[in-house]
Amino acid sequence: AQRVTQPEKLLSVFKGAPVELKCNYSYSGSPELFWYVQYSRQRLQLLLRHISRESIKGFTADLNKGETSFHLKKPFAQEEDSAMYYCALNIDSGNTGKLIFGQGTTLQVKP
Amino acid sequence: DAGVIQSPRHEVTEMGQEVTLRCKPISGHNSLFWYRQTMMRGLELLIYFNNNVPIDDSGMPEDRFSAKMPNASFSTLKIQPSEPRDSAVYFCASSLGQTNTEAFFGQGTRLTVV
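So the sequence lines, in the order shown, correspond to chains A and B. Number 71 in the working numbering belongs to position 70 of the first sequence; there are no gaps in the numbering. Number 817 in the working numbering belongs to position 5 of the second sequence; there are no gaps in the numbering.
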């Protein structure tokens, strides 16, 4: 079955500490993965996608097909990173772009 | 472009009443999605359309839920009759589809059924 799993509902760290938000997926095809972020009182928006292999706001994510993971990492967390983070998988690649999401992880960065 | 526009932003209704949520996708986008967000289940895909045609409605929880997309610039999600367990935030999103699968989300409609 196609599925995205984010095992942590809440991750709390201190400012300056490293952050890793976990995401695992289950998909028989070639995965296209994304991280979306929802800041307080703002709409859900794309943070990064694996095909871009870019760093956005200091965050990176590497696709590991062997472990079927796409963890989101940042070496030094900032207070403004506090938000809800969703990992998403496109299960209709090259067609209509059907996205399914994990349950989300709330990141809380304490001063 | 103002992005994906949803209305109303908040809706409080009594159990048994009909509720209609509305969405205007970004102009030129071919795919439109309806999601439901709850604390317990996160973001669930309810239904999605491509070129105004419903492609997959397997996520619609029950027959009480229905969605339409009469044209490229408008979609509705209807719940009839509504129940307290339908209380959630409902998001609409659109994307270019095949050429670019990035989804752009609306602000959401917070539905409370009492």
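C-beta atoms are modelled at their ideal positions from N, C-alpha and C, and glycine is treated no differently. What you are looking at is a predicted structure, and each value in this text was computed from that prediction instead of being measured.
* What three-state label does DSSP hand residue 882/B in the structure shown? -> By one-based count along the second sequence, residue 882/B stands at place 70. In the structure shown, residue 882/B sits in a strand (DSSP, three-state: E or B).
* **Proximity test, Cβ basis, 9 Å: residue 855/B and chain A** => Locating residue 855/B in the second sequence gives position 43, counting from the first residue. Answer yes: the Cβ-Cβ gap between residue 855/B and chain A drops below 9 Å somewhere.
* Within chain B, the residues that residue 33/A reaches when beta carbons sit closer than 9 Å -> Along the first sequence, read from residue 1 onward, the residue named residue 33/A stands at position 32. Near residue 33/A (Cβ distances below 9 Å), the residues of chain B are 913.
* To do: Could you check if residue 56/A is buried or exposed, using at least 16 other CB atoms within 10 Å of its CB as the buried criterion?
  => Position 55 of the first sequence, counted from the first residue, corresponds to residue 56/A. Exposed.
* To do: Can you pull the chain B residues whose beta carbon is under 9 Å from the beta carbon of residue 44/A, in chain order?
  => Translated into positions along the first sequence, residue 44/A becomes position 43. Residues of chain B passing the Cβ test: 815, 816, 903, 916, 917, 918, 919, 920.
* Asked: By the 10 Å Cβ neighbour count, where 16 or more other Cβ atoms means buried, how is residue 887/B classified, buried or exposed?
  -> Along the second sequence, read from residue 1 onward, the residue named residue 887/B stands at position 75. Per the 10 Å Cβ criterion, buried.
* In this structure, does DSSP put residue 866/B in helix, strand or coil? -> On the second sequence, position 54 is the one that residue 866/B refers to. DSSP places residue 866/B in strand when its eight states are reduced to three.
* To do: Using a Cβ-Cβ cut-off of 9 Å, state whether residue 843/B counts as contacting chain A.
  => Translated into positions along the second sequence, residue 843/B becomes position 31. With 9 Å as the cut-off, residue 843/B counts as an interface residue toward chain A.
* To do: For residue 827/B, I'd like the list of residues in its chain whose CB is within less than 8 Å of its CB, leaving aside the five on either flank, ordered along the chain.
  => In the second sequence, the residue the question calls residue 827/B occupies position 15. Closer than 8 Å at Cβ, skipping near neighbours: 893, 894, 895, 896, 925, 926.
* In its own chain, which residues sit with a C-beta less than 6 Å from the C-beta of residue 20/A, not counting the 5 before and 5 after it? -> If you number the first sequence from 1, residue 20/A lands on position 19. Contacts found: 14, 75, 78.
* **Three-state secondary structure assigned by DSSP to residue 823/B** => Walking along the second sequence from the start, residue 823/B turns up at place 11. Here residue 823/B sits in strand by DSSP.
* With DSSP as the reference, please indicate the residues paired to residue 835/B in a beta bridge. => Locating residue 835/B in the second sequence gives position 23, counting from the first residue. Per DSSP, 818/B, 887/B.
* **Helix, strand or coil at residue 848/B [DSSP, three-state]** => As a working mapping, residue 848/B is identified with position 36 in the second sequence. It is a strand residue.
* Asked: Where does the unbroken beta strand (DSSP E) through residue 872/B begin, and where does it stop?
  -> On the second sequence, position 60 is the one that residue 872/B refers to. No beta strand (DSSP E) contains residue 872/B, which DSSP labels as neither H nor E.
* How about residue 112/A and residue 16/A: are their beta carbons less than 9 Å apart? -> Within the first sequence, the letter at position 111 stands for residue 112/A. Within the first sequence, the letter at position 15 stands for residue 16/A. Yes, Cβ-Cβ distance for residue 112/A and residue 16/A is below 9 Å.
* Can you say whether residue 93/A is buried or exposed, counting buried as having 16 or more other CB atoms within 10 angstroms of its CB? => Here residue 93/A corresponds to residue number 92 of the first sequence, with the count starting at 1. Under this definition residue 93/A is a buried residue.
* Asked: Which of the three DSSP states, helix, strand or coil, is assigned to residue 853/B?
  -> If you number the second sequence from 1, residue 853/B lands on position 41. Residue 853/B: coil per DSSP, three-state reduction.
* Within 9 Å (strictly less), CB to CB, does residue 923/B reach chain A? -> In the second sequence, residue 923/B corresponds to position 111, counting from 1. No, residue 923/B does not count as interfacial toward chain A.
* Beta-carbon of residue 838/B versus every beta-carbon of chain A: anything under 9 Å? -> One-based indexing of the second sequence puts residue 838/B at position 26. It does not; no Cβ of chain A falls within 9 Å.
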